[in-house]
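What follows is a single structure, written as structure tokens, with notes after it.
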Amino acid sequence: MKMYTKELMKRFRDPKHMKEIKDADGIGQVGNSICGDVMKVYIKVKNDKIVDIGFQTWGCPAAIAASDAMCELAKGKTLKQAEQIKSKDIVKLLGEMPPIKLHCSVLGMQTLKKAIEDYKKRKKNGR
Ligand code: FES
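Residues in the sequence shown are numbered from 70 upward in steps of one, following the working numbering.
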């Protein structure tokens, strides 16, 4: 069986973006129906750009590492660019992932999309 890469374990042990952003402009939360893990993503947006991003993940090492990698990919990107992040981009940054763990990387992407949707909804409602 394939195990976790060094890069994945590094991000799991010392994630750079694990934080709650209290005054976030958008928040997304997704539960994984396969394993029951939960991920929450917070974004700060300025001029349509993600200027800050944080996550909280209650889940497996792969999900935590994937959340951290996703945040790194999304930070500094425009909302449009961030929406195009694919789970394969996340896996690429982590080296490789055991096939049974691929759903964990999908979670990061889905949660980011939810946070962006939330931001757009708030903006529309003038909040
Ligand atoms: Fe649940 Fe990885 S096993 S997200």
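No residue lacks a Cβ here, since even glycine has one placed at the ideal position from N, Cα and C.
Contact check, residue i vs residue j, beta carbons under 7 angstroms
| i | j | result |
| --- | --- | --- |
| Thr180 | Met108 | yes |
| Lys183 | Gly97 | yes |
| Ile119 | Ala143 | yes |
| Leu52 | Leu162 | Shown here, the chain extends from 70 to 196; a query on residue 52 therefore has no answer. |
6 angstroms Cβ shell around residue i - same chain, five flanking residues per side excluded
| i | result |
| --- | --- |
| Val114 | Asp94, Tyr188 |
| Thr126 | Met108, Ala132, Ile133, Ser136 |
| Ile103 | His172 |
| Glu165 | Thr74 |
| Pro130 | Phe81 |
Endpoints, alpha helix (DSSP H) assigned at residue i
| i | result |
| --- | --- |
| Met108 | Unbroken run through Met108 is the beta strand (DSSP E), 107-115; no alpha helix (DSSP H). |
| Ile154 | Run containing Ile154: none; DSSP gives neither H nor E here. |
| Ile133 | 130-143 |
| Tyr188 | 171-193 |
Where the beta strand (DSSP E) through residue i begins and ends
| i | result |
| --- | --- |
| Gln98 | 95-100 |
| Asp121 | 118-127 |
Where residue i falls, given that 16 or more other Cβ within 10 Å makes a residue buried
| i | result |
| --- | --- |
| Arg82 | exposed |
| Ile169 | exposed |
| Asp117 | exposed |
| Gly145 | exposed |
| Asp92 | exposed |
| Met178 | buried |
Cβ neighbours of residue i in the same chain (closer than 7 angstroms, five flanking residues each side left out)
| i | result |
| --- | --- |
| Ile90 | Tyr111, Lys113, Asp121, Gly123 |
| Val99 | Met108, Leu176, Gln179, Thr180, Lys183 |
| Met139 | Ile154, Ile159, Gly177, Met178, Leu181 |
Chain-order list of residues whose beta-carbon lies under 8 angstroms from that of residue i (same chain, five-residue window excluded)
| i | result |
| --- | --- |
| Lys149 | Asp117 |
| Ile185 | Gly95, Gly97, Ile112, Leu148, Ala151, Glu152 |
| Lys85 | Asp137, Cys140, Glu141 |
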